[in-house]
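Just so you know, the sequence shown maps onto residues 1 to 239 in full-length UniProt numbering. Note that the Cβ used here is the ideal one computed from N, Cα and C, for glycine as well. These numbers were taken from a predicted model, which means no experiment stands behind them.
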Amino acid sequence: MKTIVKTEHVSKTFLLGKTQVQALTDISIKAFEGEFLAIAGPSGSGKTTLLNLIGCIDKPTKGIIKIDDEIVTGFSSNKLADIRLAKLAFIFQTFNLIPVLSACENVEYPLLKTVKNKTERFDRVFYALQSVGLEKFVKHRPDELSGGQRQRVAIARALVTEPRIILADEPTANLDQKTGEDVLNIMKSINKDSNTLFIFSTHDPKVMQMASRIIRITDGRVVEPTHPGRLKNEFSHKH
Ligand SMILES: Nc1ncnc2c1ncn2[C@@H]1O[C@H](COP(=O)(O)OP(=O)(O)OP(=O)(O)O)[C@@H](O)[C@H]1O
């Protein structure tokens, strides 16, 4: 399996007034092509911080981050913006749609700079909205859509640029159980069809169940899964 994202001994400290907040400590993880990877952990464990670092929105205090074998740590803000545009897309817990734009215009937005041909843009936008089942809602503004529909517009906006990686920070946190499941199923089917790497954060065990792999973090550190079999073997070796 091809490694798409790698973090090596990544730490992040925030300065809050005079206090240092250690949000992440020594995080070394990999994410592979085609994975539907959950970053799981309680509130305040560092999930958003980790997604922001992988998403080149923020920079680590220590350690390095590689995307497609390229070390992005140390890049200028402009170069990080280029990486975001070329390889990454985001889905947020609060959808982050532009309220005055229709569903179609929201999805078109990330293509405005890169795809100059209007017909090609329209085709891609329509295809993206169709793949989330919203082809009948292209003209609706966010306030004319339900929460689940808004999140589906956000998914269409994420996939329209055909990114290598889609990062989703608690994508179902503001949705009811059933709508959340529908949204995750759409994400999963896109993941299967396109082989796009999805990395999403959650504290919901039901959402974790959908993942192809789970990385658990607590207090800013990766919690290694315990393998009872391995522990038993190690124990018997020693004694
Ligand atoms: N900009 C910031 N300035 C200061 N402290 C911050 C900042 N961002 C995050 N933190 C702190 O870092 C820690 C991790 O926060 P983070 O938002 O990454 O956790 P989380 O797991 O995403 O939590 P939640 O599930 O509640 O969103 C917390 O202690 C938080 O208060």
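beta-carbon residue i near ligand 1 non-hydrogen atom, thresh 7 Å
{"i": "residue 48", "result": "yes"}
{"i": "residue 212", "result": "no"}
{"i": "residue 14", "result": "yes"}
{"i": "residue 131", "result": "no"}
{"i": "residue 11", "result": "no"}
{"i": "residue 63", "result": "no"}
{"i": "residue 203", "result": "yes"}
{"i": "residue 23", "result": "yes"}
{"i": "residue 146", "result": "no"}
{"i": "residue 17", "result": "no"}
{"i": "residue 55", "result": "no"}
{"i": "residue 41", "result": "yes"}
{"i": "residue 44", "result": "yes"}
Cβ neighbours of residue i in the same chain (closer than 7 Å, five flanking residues each side left out)
{"i": "residue 150", "result": "95, 97, 142"}
{"i": "residue 186", "result": "132, 152, 155"}
{"i": "residue 188", "result": "36, 210"}
{"i": "residue 178", "result": "none"}
{"i": "residue 121", "result": "108, 111, 115"}
{"i": "residue 203", "result": "40, 41, 42, 43"}
{"i": "residue 134", "result": "103, 149, 152, 153, 156"}
{"i": "residue 46", "result": "23, 24, 217, 220"}
{"i": "residue 238", "result": "Note that residue 238 scores 41 on pLDDT, short of 50, meaning its location in the model is unreliable; the coordinates nonetheless yield the value given after this. Once the five neighbours on either side are set aside, residue 238 has no close Cβ partner at all."}
Chain-order list of residues whose beta-carbon lies under 6 Å from that of residue i (same chain, five-residue window excluded)
{"i": "residue 168", "result": "91, 200"}
{"i": "residue 104", "result": "125, 138"}
{"i": "residue 232", "result": "For residue 232, the predicted structure reports a pLDDT of 45, less than 50, and the residue's modelled location is therefore unreliable. The matter cannot be settled from this model."}
{"i": "residue 236", "result": "Here the model assigns residue 236 a pLDDT of 41, short of 50, so the residue's position is not dependable and the matter cannot be decided."}
{"i": "residue 229", "result": "Note that residue 229 scores 46 on pLDDT, short of 50, meaning its location in the model is unreliable and no value can be drawn from it."}
Contacting residues, own chain, Cβ-Cβ under 8 Å from residue i (five flanking each side not counted)
{"i": "residue 175", "result": "147, 148, 151, 183"}
{"i": "residue 234", "result": "For residue 234, the predicted structure reports a pLDDT of 38, less than 50, and the residue's modelled location is therefore unreliable. A value from the coordinates is still provided. Answer for residue 234: no residue qualifies."}
{"i": "residue 194", "result": "159, 162"}
{"i": "residue 285", "result": "Here the chain covers residues 1 to 239 and nothing more, so residue 285 does not appear."}
| query | So does the region 214-227 actually touch the region 52-62, counting three or more Cβ pairs closer than 8 Å? | reply | Because the criterion of three Cβ pairs below 8 Å is not met, the region 214-227 and the region 52-62 do not touch.
| Is it true that the region 61-80 meets the region 2-11, where meeting means three or more beta-carbon pairs spaced less than 8 Å apart? | yes
| field | Complete alpha helix (DSSP H) runs within the region 68-123 (minimum length 4 residues, chain order) | value | 77-87, 103-108
| task | Could you pull out every unbroken alpha helix (DSSP H) segment of at least 4 residues lying fully inside the region 141-227, listed in chain order? | result | 147-159, 177-194, 205-208
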